[in-house]
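Q:
Chains as they are written, first to last, in our numbering: chain A, 7 to 456; chain B, 7 to 456.
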């Protein structure tokens, strides 16, 4: 049968192709903050190819900010033997099985466990499996998840190390309760979308004039929350916060984000110094590993809320942030933890503890991915969008075949089947590092100058 | 001056050479436990070469258990641009500067931060710098550290994210106090060595007969503590624990090690079920990320002690384990965190909180490395070896140029300058994967069979 496209029943994964994709964002200071002065937004990108007649591929990626993207690609490559030859139908019927296999590889586990480069690689691959599953089901991922049987969703969650806070019975109960009113919420989602907030005005590298202009634009675009990067210089932060407040008025929330810049004591002092200007939340005040530190910061800066999550490595740390009452806002990231399956666990934990989820996004393709998870959360778990917003940054969407669409400050629910993870082929060709057209020309230019 | 060996003042790092070294240990079930059934003990190995006339090289490595060792090598390779061209003299006078540079690379930081593959790579390189520094100083590392000025040692510690638990002033105070009696302790160390305990009898894959034989041998060899792997099957564990107790008698401590097998509730139940057989500590009862979980386990299993650390990712998690009173025994690992500098921070935290340090070792070369840190701890911080033991496993020492020497259950203090990290050149040649002589023959054999 070699060479003949197969029906879905017999189809197998035939290749796991990886790409080191980098965009030269550091040249514009897009994305600059107190800890990341010059990011080159990048993706360690993976495509699962099959011999099925339908021609569907599973796409996924890890977001990085430049150097080390090759290490991330090497980590995805190390997972290839777990995937090639597997039954497409079995994989898509139970993405949790590949999640368990990859996390359970006893030798690879030593490189984490469940954290850092190896875990993000697992997340990229698991997300690619979900992309393939949703494409084959002819559904956008948010809709596939929202209409899935609660029992099946529970089977997709790894309860190891979180069972002291969330049992399978808890999860089933939450998902069954979440069914009430699903149709009405889905209609509302399709009509209004899911609220977003924008970080575009607030990067550290921008002038006050640019901050003012972009903040006014954000309000005009319908956003009710913006975010400023802080933490490099307190006087600058006070001035920028006043500038932003003057631009947006009192009715718009301004969150602030320190990107882990501070120790616990500094975080409390600095945030208190900005408190008169009514910041809505302080994000990443200190190390993402410091659960007890976040709890101390939260006690020290109330009523300013504490938010974190974009660098939180896995469900086990999120569990403790909730147990320790360390956060007011939980910020999932679609491409940091072990993919959709682990994010299901985290959304369930947040629902159990009654903490709103406001995802981290931006970067490359993070908006595209995470909107699906928030829409599922709304339809099947939280039941509300009150005090819930998805971060939005207007960067690099043009590289995706189904980019996010914003309307009146809301994410429009995507209707194209899949996880919105697919990059345009010409972008993969242009920005592959170091041999894509852009980088080949760029590196040749640098050699000429040198 | 190209090609001419340079004096130390002008010497530079000229190359960062990496090696993927793997030993086929899975074929003997050495090292098998409840989570790691078939490890191939491996090292992502790095050599810093210089153009100094003295010919010294800095050697370091990350320990892994097989698959993924290539990813770890790729991560070390990503650090090369930070090192090549640097002044050898400046580097060795201030290894903390390279530690700060590597941890502070804002783009690479995204891949952690300070955890997993990227952080272990930093640890390998930082340890190689210390190896070079100690060789140039003509001292074994333990002695270089023990005689270093307290102010300089404090300058080598990164207090970011731990200053709420340990300030530079705290550290200076501890190190100055530790000076009292240094000469007497050094004489005692040179005479008696540092106490070890052995895990060699207790691997899960061994028969009861082999367990009995090796446990009796351990006592005959002078060890006063052994360790058993547990967590796969409770009845087996009860039988093996009784077998071990019968072999060693009541005067020898038996620690047990679950290698993260359990959830919090299971850890408490299982350990209580073994408590009548008087286990000294329960090691890694659950996820190394679960600080609050360890605290719950400790409350639940007292008076059995709780020990962890070999998979604890960095000083920030150790800080919280101490703050939460979650552990009775802190187990540093020489090659998991960011190298000697971060281990200095962890040893200082343990001293501040009064918790004894009993290092994880075994693997490839972990005994060789970590003995230096415990000896420094004894001479300069803890001032005692009471209730302190370094793990010892009799594996793979023959591949090192200065292997550990055990005498009467004690590690003999090494006198050769350096960090004891140097592997024999013929081992590098034989076990390089996949092209070293052993693997080339092995892989060819497998192809023939297939």
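Here a beta-carbon is modelled for each residue, glycine too, at the ideal position from N, C-alpha and C.
1) Specify, as a first and last residue, the run of the alpha helix (DSSP H) that residue 423/B falls within.
2) Is residue 353/A closer than 8 Å to residue 379/A when the C-beta atoms are compared?
3) Which ranges does the alpha helix (DSSP H) cover as unbroken runs of at least 4 residues, wholly within the stretch 136-164 of chain B, from first to last along the chain?
4) Taking DSSP as the reference, what is the three-state secondary structure of residue 388/B?
5) Checking contacts by CB at 8 Å: is residue 77/B closer than that to chain A?
6) Can you name the residues that DSSP bridges to residue 306/A?
7) What are the partner residues of residue 54/B, as DSSP defines its beta bridges?
8) Excluding the 5 residues preceding and the 5 following residue 325/A in the sequence, name in chain order all residues of the same chain whose CB lies nearer than 7 Å to its CB.
9) Here's the rule I'm using: 16 or more other beta-carbon atoms within 10 Å means buried, otherwise exposed. How should residue 184/A be labelled?
10) Whose C-beta lies closer than 7 Å to the C-beta of residue 25/B among residues of the same chain, with five residues either side of it excluded?
11) List the residues of chain A whose Cβ lies closer than 8 Å to the Cβ of residue 169/B, in chain order.
12) Residue 19/A and residue 56/A - do their beta-carbons sit closer together than 8 Å?
13) Using a Cβ-Cβ cut-off of less than 9 Å, give me the residues of the stretch 297-321 of chain B that come near chain A, in sequence order.
14) State the start and end residues of the unbroken alpha helix (DSSP H) segment that holds residue 437/A.
15) Are the C-beta atoms of residue 43/A and some chain B residue less than 8 Å apart?
16) Determine the DSSP secondary structure at residue 168/A, reduced to helix, strand or coil.
17) Starting from residue 174/B, follow its DSSP beta bridges and name the residues at the other end.
18) When the Cα atoms are used, what is the spatial distance from residue 287/A to residue 108/A?
19) Residue 125/B versus chain A: which residues are under 9 Å apart at the beta carbon?
20) Here's the rule I'm using: 16 or more other beta-carbon atoms within 10 Å means buried, otherwise exposed. How should residue 125/A be labelled?
21) Could you compute how far the alpha carbon of residue 272/B sits from the alpha carbon of residue 42/B?
22) Nearest by alpha-carbon distance to residue 93/A: which of 15/A, 60/A, 444/A and 123/A is it?
23) Apart from the five residues just before and just after residue 370/B, which ones in its own chain have a Cβ nearer than 6 Å to its Cβ?
24) Residues of chain A with CB closer than 8 Å to the CB of residue 70/B, please, in chain order.
25) Taking only the alpha-carbon atoms, compute the straight-line gap between residue 383/A and residue 294/A and give it to the nearest angstrom.
26) Could you check what DSSP says for residue 395/A in three-state terms: helix, strand or coil?
27) Decide yes or no for the touch test of the stretch 103-121 of chain A against the stretch 136-156 of chain B: beta carbon pairs closer than 8 Å, at least 3 of them.
28) Residues bridged to residue 417/A by DSSP?
29) Between residue 166/B and chain A, is any beta-carbon pair separated by less than 8 Å?
30) Rank 343/B, 327/B and 342/B by C-alpha distance to the C-alpha of residue 336/B and give the top, closest one.
31) Based on DSSP bridge pairs, tell me the residues matched to residue 73/B.
32) Run through DSSP, which three-state label would residue 117/B get?
33) Helix, strand or coil for residue 185/B per DSSP?
34) Less than 8 Å between the beta carbons of residue 427/B and residue 387/B, yes or no?
35) Do three or more CB pairs link the stretch 119-138 of chain A to the stretch 308-322 of chain A at distances below 8 Å?
36) Once DSSP output is grouped into helix, strand and coil, what is the label at residue 261/B?
A: With the structure as the only source:
1) Unbroken run through residue 423/B: none, as it is neither H nor E.
2) Taking 8 Å as the cut-off, the beta carbon of residue 379/A is found closer than this to the beta carbon of residue 353/A.
3) DSSP runs (the alpha helix (DSSP H)) wholly in the stretch 136-164 of chain B: 147-153 and 156-161.
4) In this structure, residue 388/B counts as helix in the three-state DSSP scheme.
5) Chain A, which has a Cβ nearer than 8 Å to the Cβ of residue 77/B, makes this yes.
6) Residue pairing by DSSP places residue 306/A in no beta bridge whatsoever.
7) 22/B and 64/B.
8) Once the five neighbours on either side are set aside, the close Cβ partners of residue 325/A are 168, 171 and 355.
9) With 16 or more Cβ atoms within 10 Å of its Cβ, residue 184/A is classed as buried.
10) In chain order, 51, 434 and 438 place their CB closer than 7 Å to the CB of residue 25/B, counting only its own chain and leaving out the 5 sequence neighbours on each side.
11) Under the 8 Å cutoff, chain A gives 269, 270 and 271.
12) Closer than 8 Å, so yes.
13) The residues in question are 297, 298, 299, 302, 317, 319 and 320.
14) For residue 437/A, the enclosing alpha helix (DSSP H) starts and ends at 431-437.
15) So yes, residue 43/A belongs to the interface.
16) Of the three classes helix, strand and coil, the one that applies to residue 168/A here is coil, per DSSP.
17) Beta-bridge analysis with DSSP links residue 174/B to no other residue.
18) Distance between residue 287/A and residue 108/A, taken at the CA atoms: about 36 Å.
19) Going along chain A in sequence order, the residues near residue 125/B (Cβ under 9 Å) are 122.
20) In the assembly as shown, residue 125/A is a buried residue. Its beta-carbon has 16 or more other beta-carbons within 10 Å.
21) Rounded to whole angstroms, residue 272/B to residue 42/B spans 19 Å at the Cα level.
22) Closest option to residue 93/A, Cα to Cα, is 15/A.
23) If we look at residue 370/B and ignore the five residues flanking it on each side, its Cβ neighbours are 47, 49, 69 and 402.
24) Ordered by position in chain A, the residues that pass the 8 Å Cβ test against residue 70/B are 113, 116 and 117.
25) The straight-line gap from Cα to Cα measures roughly 23 Å.
26) Residue 395/A: coil per DSSP, three-state reduction.
27) Too few Cβ pairs lie closer than 8 Å, so no.
28) In DSSP, residue 417/A forms a bridge with 200/A and 412/A.
29) Answer yes: the Cβ-Cβ gap between residue 166/B and chain A drops below 8 Å somewhere.
30) Answer by Cα proximity: 327/B.
31) Paired residue(s): none; residue 73/B is not in a bridge.
32) It is coil, neither helix nor strand.
33) In this structure, residue 185/B counts as coil in the three-state DSSP scheme.
34) Between residue 427/B and residue 387/B, the gap from beta carbon to beta carbon reaches 8 Å or more.
35) Between the stretch 119-138 of chain A and the stretch 308-322 of chain A there are three or more inter-stretch CB-CB distances shorter than 8 Å, so the stretches are counted as touching.
36) Here residue 261/B sits in strand by DSSP.
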